[in-house]
Structure formats: structure tokens, C-alpha cells
Amino acid sequence: MNVLDIIKPENQVFCKSKLMTDATLSYCPGCGHGTAHNLTMEVVDEMGISENTIGVAPVGCSVLAYDFMNIDITQAAHGRAPAVATAIARTWPEKYVFTYQGDGDLAAIGTAETIHACNRGENIVIIFVNNGIYGMTGGQMAPTTLEGMRSSTSPYGREIKSMGSPLKMTELVANLPGVYYVTRQSVHTHKHARKAKKAIKKAFENTRLKKGLSFVEIVSNCNSGWKMTPNESNIWMEENMFPYFPLGDIKVNGILK
Amino acid sequence: MSELKLMKGNEALAEAAIRAGVDAYFGYPITPQSEVIEYLMTERPEQRTGMVVLQAESEIAAINMVYGAASTGKKVMTSSSSPGISLKLEGISYLAGAELPAVIVNVVRGGPGLGTIQPSQADYFQSVKGGGHGDYKLYVLAPASVQEMSDFVENAFDIAFKYRAPVLILSDGLIGQMMEKVNLKGQQKRLTDEEVIKRHDSWAVTGKTNRERNIITSLDLQSEKMEARVRRLMKKYEQMEKEDLRYEEFQTEDAEYLFVAYGSSARIAQKAVQLARAKGIKAGLLRPITLFPYPKKVLFDLADQVKGILSVELNAGQMVEDVRLSVEHKVPVEHFGRTGGIIHTPEEVLEALEQKIIN
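Put into C-alpha cells, the structure is as follows:
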């Protein structure tokens, strides 16, 4: 059989979402951000809610999310996306409001905004891409950097005694009553991407049903920051990130698993 | 229907916000302005007009909530006092950079640091010289009465939406806490979501319909684009100077000596003018109502008429620099003011005029 016989629309499982623009992604080849963007836009498209969706972009690698997602987006100050989203959801209760944030944004500078938006049970979706490093500023230590992991500000590896333990923000917010759905996913294989999309869809469905806050962590790679090839970084992620940040649902329908 | 009431400045401002059809208020308690959010919470504006009121986890969160709602074209405001405004400055710089309409109220207390909870005007520099990072200015309104605490809310929103820019109401603990009679305006209807979309569809993020997507950001990684943004801002400020300068003159027609004062200090200086005239000293008062734009030209011209100018401020000498810049060394300009929360008396102000300028 010729390979061209297989490449047909009906056989296509993954493609670029109609809600992604034609702008060239600013992400490094091999980075998970592009897939996470695409899955989010696929969900918005499939639910038919693009006219009522407002995104909040962070500061960090995904600051330019508005260049790639063809929806209305406001770009927040570093870490403040959950506060920005809170106000939009409060003043436009019928809209779908989501934040898209990295680990430095959400789990360091924006910790207070994250915890309190979660605690108030704001009717929003938080998509949290955790790659254990500050990518945009050039590979500095993040709150989620693993023990012993090297970065430009932990050049000899993260030392717990002086730098603290990697922060499990997702487990933390799962304990707050206002949070309805908490899950941790990844997007590095087709199988994982499919599961992640299902989780993102569930999160947006929760907004539709006005269930409160849905929190989707996506453990991702940063091959540039980790100084690895894309493939090496995915293997390293499976072997090192997943044991500390295990994949799966943590809280479903308001009930801790 | 207007209504005459006896109210605190902070309460009058809060009531005016409801009546002006404001969509949302986000705040955090701090003395001496906590009455604003207390009054709003007590009044249940969500029932009166559908206005959203939320106590945020910090001043930082509150100003970023303002940024969020302003991004969507809603009429939104926050209030705080000096240390809290310092925390909000990052967000205020973002509002200016992203060209968003919003109203921020500062009921000033003494500083620096935790300072004091007593009235002060020591945030003049912070208000008119930028405060936050980058090339931007705020349109700054300085109320001198409880009536103006009420009236300036609507004025501030008119300017904020005219220019798509943040506006600061620079009050102080004296104006915020004192009670005066106030004529409250009738209730304005809040815009419906459809009206907001219709009015602001060219820029606000309300959901992408059959138009290009709207993006709110202050980021331009290309230097030429960023410079164009800064130039656009500067153009707005030039237009503000031409069209929206506000000031008030009191007995300046024949004045030989001039007080320049704003807000609570202007009230005290007005009394000092009367005391001076009773003693045969022809004093007058120029009261800038907007601190940016500043009445530079008015001062420049008055400097041809008077023999000396005293800038009266509840601080260690801040606005006096702008007075000096405006008069270009034509006449002596001195500063008088108490700090630490002490409010100068009209007698002290007159004595300062006699000692620093006349003698």
C-alpha cells in the first residue's frame, strides 16, 4: 500500500486546529506548548464556544499565546492571570474564561492569585504547563524544578536544604473546596495528548455547568532549558518528572481521589 | 433624581460609583479608605444595579482584576491608600501600556513605608511622575471636598473611556474621612453586555465573533512597534493637556502673592487667603484640579503679576518643583507643608507666606 493512500482526511487523527493561527510558533522544536495550545483550541472549537471564550495569557514562554490562538485574549502581568480571569468571569458570567500559565508564573510569583482564585471557586479553567524550569528567561530554577536538577540558577543541582522542595501546586489546590476538578496530564505521545484533550474538555464542560474551578496541569518538557534533544527530554521527563508529578486525576466532580 | 446627604468622603465616592453605573469594584482594606469597600458591601450594589464588588486577596490582585474587567470594556475601579497604591503600580503601568480605561482612587496617608494612617499629600511624585515603570502618565484628579469625591467618579470614567487610559483620583485621609453635605446625582443605568460589546467591539476582549480577534497586551518585542506605542501614549497626554486641564482660581485678579495648593491643602490655603486679606495682604490661590495635566501656562502668566508664590502641600515639598518649572524663575517660589499626618492651620500657612516670601 502506498503511504499516500493512508493520508486522507478520514484517517487523520491529529491536525492543526482551525482556531490556531498561521503564525509560526515561537516555541522550540520539540516543546509541548504547541500541542497544549492546539488541544485547547480543538476543545474550544469542538464545543462551538469560540465566540464566548476569553483567554488569559501569562508572562513566560507562552506570553505570545495570543499570536497563535485565534480567539480574544488578554495578556496578564506575571502571575496575575487568575486575578484577571476572576474579574472577567465575574463580569461576564456566561463566558468561558481560561488562563494558560507556566510554572514560574503560576507556582512562584502568582501563588497567591492561584490559591485565592481556586479557593473562591471562580468559574474558570486554569491550564498549567509545568516543565520544571523558567524557559523564556533562559533556564533558571522554577518552583517545580526537581531535586538535584541543574539550571542556570541551580548550576550544581537543586539542593532542598537551601532551595526548598519542588512545589506540588496541583495537589495543594486540590484540597480547596472551591476547586471542582484537578488533573495532571502530559502531551508527549499521541496517547497522552488524547487523554489531555479529554481532560481539557471536561474542564470547559465544568465551566458550562458553572461548577467552579477546573485545574489541568500538563507536565511538559523543556528540551532547550534542560539542554537535551527533544527525544531525550521526553524520556527524561518520563523517568524523572512523572515519579514526582504522577499523571492522572486528583479530584473529580469535587471529590478527591 | 439628585439627593442631598451628609456623608464621609469615602462613602460619597462609593455611592457615586454605584450611581455612575460602574460595573465592578475590586479592593482590599487599608486605612484610611476602607469605608469604600465597607459601604459597597453594605449597600449590596449587585441588587441595586448588578455591580460586582469583590474583596481581593491583595492590592496586587485587585488591580489585576481591574485589568481583567477593563480588558472587556467594563467600567471598573479600585481604591486604596498609599502603601497599597505602591503595590498596585505594576498593574497601573500595565493598564497604561495596554491602553485600558480604569479608575484608581488613592486616599493618601503619610509615608514612606508603613508611615502613618493620618492624612498626607506625599504621593504627589508617585501620582504625576509615573510611579510605575515605563513612559506613561496618569490623568490625575484631586478632589478638595466630599462633593468632589462624589462628582469626580463620573468625570474620571469619562476621561478614562475618552482616552482609553487609567485615571487616578488623588484624595487624602482628610477628604476621605471628613463629613460634608453632598449632592448625589441620580442613578445612571449600567450598560448591558450587548451595549458594552457594541460600544467597544473594536478593541475589547468579549469573545471573537465575525471580526479579527481582539488582543489586549502591553508587550511589543519589536522596538519600532514599542516606540510607536509610546508615541501613541504621548499623543494622548498632549491631547489631555489641550482639552482636559482643570483648575480653579480664588481671588487672583488683584493678587500680589499666590498660594498654589490642591486637595485638602487648597481648602486650608483658601482660608489663609481670607486671613491675609484681613491683614491687608493681597493674596490669592491657584488650585490645580488636575495634577496631570498641570496648569503650567496659568502659573507662567500669574508669575508676571505676583511678587512671590508659596506652594502649600501636606508633604516635604513635591509639587513645588512643578510650580518652579512652570514659572521659570520669574518670581521666588517656596514650599510650606507639614508632614507625618500633621495638618497645617491657615495661620501657619499665612505665617509661612510672610516669612518665606514677603519678608
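Order-wise, the sequence lines are chains A and B. For the first sequence, position 231 matches number 229 in the working numbering, and the numbering has no gaps at all. So the working numbering is basically just the index in the second sequence, starting at one, shifted up by 65. We put the beta carbon where it would ideally sit given N, CA and C, even for glycine.
Based on the DSSP secondary-structure assignment, which residues constitute the bridge partners of residue i?
i: His188/A; result: Answer is none; His188/A lacks a bridge partner.
i: Gly349/B; result: Leu323/B
i: Ser208/B; result: The identity of residue 208/B in the sequence shown is Pro, whereas the question assumes Ser. Bridge partners of Pro208/B: none, in fact.
i: Gln183/A; result: Ile216/A
i: Tyr132/B; result: None, per the DSSP bridge assignment.
i: Pro20/B; result: Here chain B comprises residues numbered 66 to 424, so residue 20/B is not present and cannot be evaluated.
i: Asn128/A; result: Val217/A
Give the DSSP-derived three-state secondary structure of residue i in the structure shown.
i: Ser236/B; result: strand
i: Thr271/B; result: coil
i: Gln304/B; result: helix
i: Val11/A; result: coil
i: Pro148/B; result: helix
i: Thr112/A; result: helix
i: Thr97/A; result: strand
i: Met18/A; result: strand
i: Tyr312/B; result: strand
i: Leu154/B; result: helix
i: Met139/A; result: strand
i: Leu119/B; result: strand
i: Ile422/B; result: helix
i: Gly92/B; result: strand
i: Ser163/A; result: coil
i: Ala55/A; result: strand
i: Val371/B; result: coil
i: Tyr104/B; result: helix
i: Leu69/B; result: strand
i: Pro231/B; result: strand
i: Leu104/A; result: helix
i: Arg174/B; result: strand
i: Leu160/B; result: helix
i: Gln73/A; result: strand
i: His400/B; result: strand
i: Asn173/A; result: coil
Skipping 5 residues on each side, what residues in its chain have a beta carbon closer than 8 Å to that of residue i?
i: Thr19/A; result: Asp65, Phe66, Met67, Asn68
i: Ser136/B; result: Ala163, Leu165, Ala269, Val270, Ile281
i: Ala172/A; result: Val180, Phe213, Ile248, Lys249, Leu254
i: Lys195/A; result: Leu37, Glu40, Val41
i: Asp369/B; result: Lys395
i: Thr181/B; result: Arg174, Gly175, Gly405, Gly406
Please check the pair residue i and residue j, which I expect to be a contact at CB under 8 Å, by giving their CB distance rounded to whole angstroms.
i: Gly138/B; j: Thr114/B; result: Between Thr114/B and Gly138/B the Cβ distance is about 17 Å, and since that is not below 8 Å, they are no contact.
i: Leu350/B; j: Val338/B; result: 5 Å
i: Val141/A; j: Leu174/A; result: Reading off the sequence, residue 141/A comes out as Pro, not Val. About 18 Å; that fails the 8 Å criterion.
i: Gly156/B; j: Val131/B; result: 7 Å
i: Tyr201/B; j: Gly238/B; result: That belief does not hold up - the Cβ atoms of Tyr201/B and Gly238/B are roughly 26 Å apart, past 8 Å.
i: Leu367/B; j: Leu323/B; result: 6 Å
i: Asp88/B; j: Thr89/A; result: 6 Å
i: Gln212/B; j: Asn248/B; result: 7 Å
i: Glu321/B; j: Lys347/B; result: 4 Å
Relative to the C-alpha of residue i, which candidate in the options has its C-alpha closest?
i: Leu23/A; options: Cys13/A, Ser60/A, Thr89/A; result: Ser60/A
i: Ile128/B; options: Gly149/B, Glu108/B, Glu111/B, Gln112/B; result: Gly149/B
i: Gln383/B; options: Ile280/B, Gly197/B, Val193/B; result: Val193/B
i: Ile124/A; options: Pro153/A, Tyr242/A, Asn204/A; result: Asn204/A
i: Gln242/B; options: His198/B, Ile262/B, Pro208/B; result: Pro208/B
i: Lys421/B; options: Gly195/B, Leu375/B, Ala126/B; result: Leu375/B
i: Glu120/A; options: Cys13/A, Ile86/A, Lys199/A; result: Ile86/A
i: Ile107/A; options: Gly130/A, Cys116/A, Gly77/A; result: Gly77/A
i: Phe226/B; options: Glu412/B, Leu160/B, Ser123/B, Ser146/B; result: Leu160/B
i: Thr143/B; options: Leu179/B, Glu100/B, Leu415/B, Thr181/B; result: Glu100/B
i: Met106/B; options: Arg296/B, Ser123/B, Ala82/B, Glu386/B; result: Ala82/B
i: Ser150/A; options: Lys159/A, Tyr132/A, Met167/A; result: Tyr132/A
i: His188/A; options: Ala34/A, Pro27/A, Ala21/A; result: Ala34/A
Below 7 Å CB to CB, which residues in the same chain sit around residue i once its five sequence neighbours on both sides are set aside?
i: Met226/A; result: Trp234
i: Lys254/B; result: Gly86
i: Pro358/B; result: Met305, Glu306, Asp309, Leu310
i: Glu169/A; result: Ile248
i: Ile262/B; result: Thr271
i: Gln120/B; result: Gly92, Tyr93, Ile102
i: Pro411/B; result: Ile333, Lys336, Ala337, Leu340
i: Met147/A; result: Gly130, Gly155, Arg156
Please go through the same chain and pick out, in chain order, the residues whose beta-carbon is closer than 6 Å to the beta-carbon of residue i, but skip the five residues on each side of it.
i: Gln252/B; result: Arg84
i: Gly162/A; result: none
i: Ser231/A; result: Asn219, Asn221, Trp224
i: Thr112/A; result: Pro80, Leu104
i: His190/A; result: Ser184
i: Asn75/B; result: Gln98, Glu100, Val101, Gly241
Regarding residue i and the ligand FMN, is the C-beta to nearest heavy atom distance less than 8 Å?
i: Asp266/B; result: Judged by which ligands are present, the structure shown has none, so any question about the ligand FMN falls away.
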